[in-house]
């Protein structure tokens, strides 16, 4: 359910209040209405020509952009957000998307959006004037939002690139920052363009439907043969579809489940045992989960919980 804009007011920063954002956050991610449930976020901010790049670290909150905010803005932007750690639930045009560490979400500033964060979140956000994308899209054909999974091959590459920007954008010279941001914008615009053209390809349309289906059912038992039957194709056809993207069905599912479990393990508010987390994410037992977690993130679940994070790593090409 999206937040209720009717409860909006302007107040000082107190946990639980509905507030307008401070200047730094306003410049970093444009104007949002917030209902905070924790302290104000930390913001690292830099502007290079007409592009703003920021790194945010904060806790649980709810935010949204309604017409009263959008209609008051003269310039239209594209927001590109890379989740560096934690999870975020996004609402765009009535559709829900959950982003995990390594995922990238693009959104248009003229679309009504909302999000919920239930634990600690670290995020890189790049604000780009919409004209920068005009070479590849018209305003009418550009989607209101677009999601790139860090578990996909392209997402794995993009996650590494955006993580590098997050770690270095404050230290780089202006010209170097501009080169990095141009690369990020080009990567995302080309990826969106490929997706839009793929909509005309039945195989790519099927692949997108299957991934959305798997994401919705990720905490349920998933049997490849049942998935194939649900989408009206043979198991061999479905396996070939994933192989064409450098993946296997089981590998994609395992990576998504590990990311979801990692979000819980590193969430300071989560008191569940590792066995309970393993069961929720459909791992056979605690020992099996611990082994896979350690192989994937380089630390065991106990160490990850103590640190509240896992080492920054590339997202593997699910196999």
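Numbering (the working numbering), first residue to last: 1 to 319. Yeah, the Cβ is synthetic: ideal placement off N, Cα and C, and Gly gets one too. Please read all numbers here as calculations on a predicted model, not as lab measurements.
Here's the rule: buried if 16 or more other CB atoms are within 10 angstroms of the residue's CB, otherwise exposed. What is residue i?
i: residue 147; result: buried
i: residue 28; result: Confidence in residue 28 is poor, its pLDDT being 48 and thus under 50, which makes the residue's placement unreliable; the coordinate value appears in the next sentence. Result: buried.
i: residue 272; result: exposed
i: residue 131; result: exposed
i: residue 116; result: buried
i: residue 78; result: buried
i: residue 263; result: buried
i: residue 100; result: buried
i: residue 302; result: exposed
i: residue 55; result: buried
i: residue 141; result: exposed
i: residue 103; result: buried
i: residue 95; result: exposed
i: residue 21; result: Residue placement at residue 21 is flagged as unreliable, the pLDDT there being 42, under the threshold of 50; a coordinate-derived value is accordingly withheld.
i: residue 152; result: buried
i: residue 86; result: buried
i: residue 306; result: exposed
i: residue 26; result: Below a pLDDT of 50, predicted positions are generally treated as unreliable, and residue 26, at 49, falls in that range; the measurement from the model is reported next regardless. Exposed is the call here.
i: residue 257; result: buried
i: residue 223; result: exposed
i: residue 171; result: exposed
Which two residues bound the contiguous alpha helix (DSSP H) that contains residue i?
i: residue 303; result: 301 to 307
i: residue 122; result: Here residue 122 belongs to no alpha helix (DSSP H); instead the beta strand (DSSP E) covers 121 to 129.
i: residue 217; result: That residue, residue 217, is in no alpha helix (DSSP H); it is neither H nor E in DSSP.
Kindly identify the DSSP beta-bridge partner or partners of residue i.
i: residue 112; result: Beta-bridge pairing links residue 112 to no other residue.
i: residue 88; result: 99
i: residue 104; result: 82 and 148
i: residue 117; result: 61
i: residue 77; result: 129
Name the two residues that bound the continuous beta strand (DSSP E) containing residue i.
i: residue 47; result: 42 to 48
i: residue 67; result: That residue, residue 67, is in no beta strand (DSSP E); its alpha helix (DSSP H) goes 67 to 70.
i: residue 53; result: 51 to 58
i: residue 147; result: 145 to 148
Please work out which residues of its chain come closer than 7 Å, Cβ to Cβ, to residue i, disregarding the five sequence neighbours upstream and downstream, and give them in chain order.
i: residue 211; result: none
i: residue 187; result: 158 and 161
i: residue 154; result: 148 and 191
i: residue 290; result: 274, 300 and 301
i: residue 181; result: 48, 51, 53 and 126
Leaving aside the five residues before and after residue i along the sequence, list all residues of the same chain whose C-beta is less than 8 Å from its C-beta, in chain order.
i: residue 268; result: 119, 120 and 308
i: residue 206; result: 231, 233 and 241
i: residue 203; result: 241 and 244
i: residue 220; result: 282
i: residue 227; result: 210, 213, 214, 238 and 249
i: residue 183; result: 161
Using a Cβ-Cβ cutoff of less than 6 Å, which residues in the same chain neighbour residue i once the five nearest sequence positions on both sides are dropped?
i: residue 177; result: 48 and 169
i: residue 81; result: 105, 123 and 125
i: residue 293; result: 301
i: residue 93; result: 144
i: residue 277; result: 261 and 264
Ranges of the alpha helix (DSSP H) found wholly within the stretch 152 to 176, counting only runs of at least 4 | Within the stretch 152 to 176, the complete alpha helix (DSSP H) runs of at least 4 residues are 153 to 168.
In chain order, which alpha helix (DSSP H) runs of at least 4 residues are fully inside the stretch 220 to 296?
-> Listed in chain order, they are 224 to 230, 235 to 243, 249 to 265 and 274 to 280.
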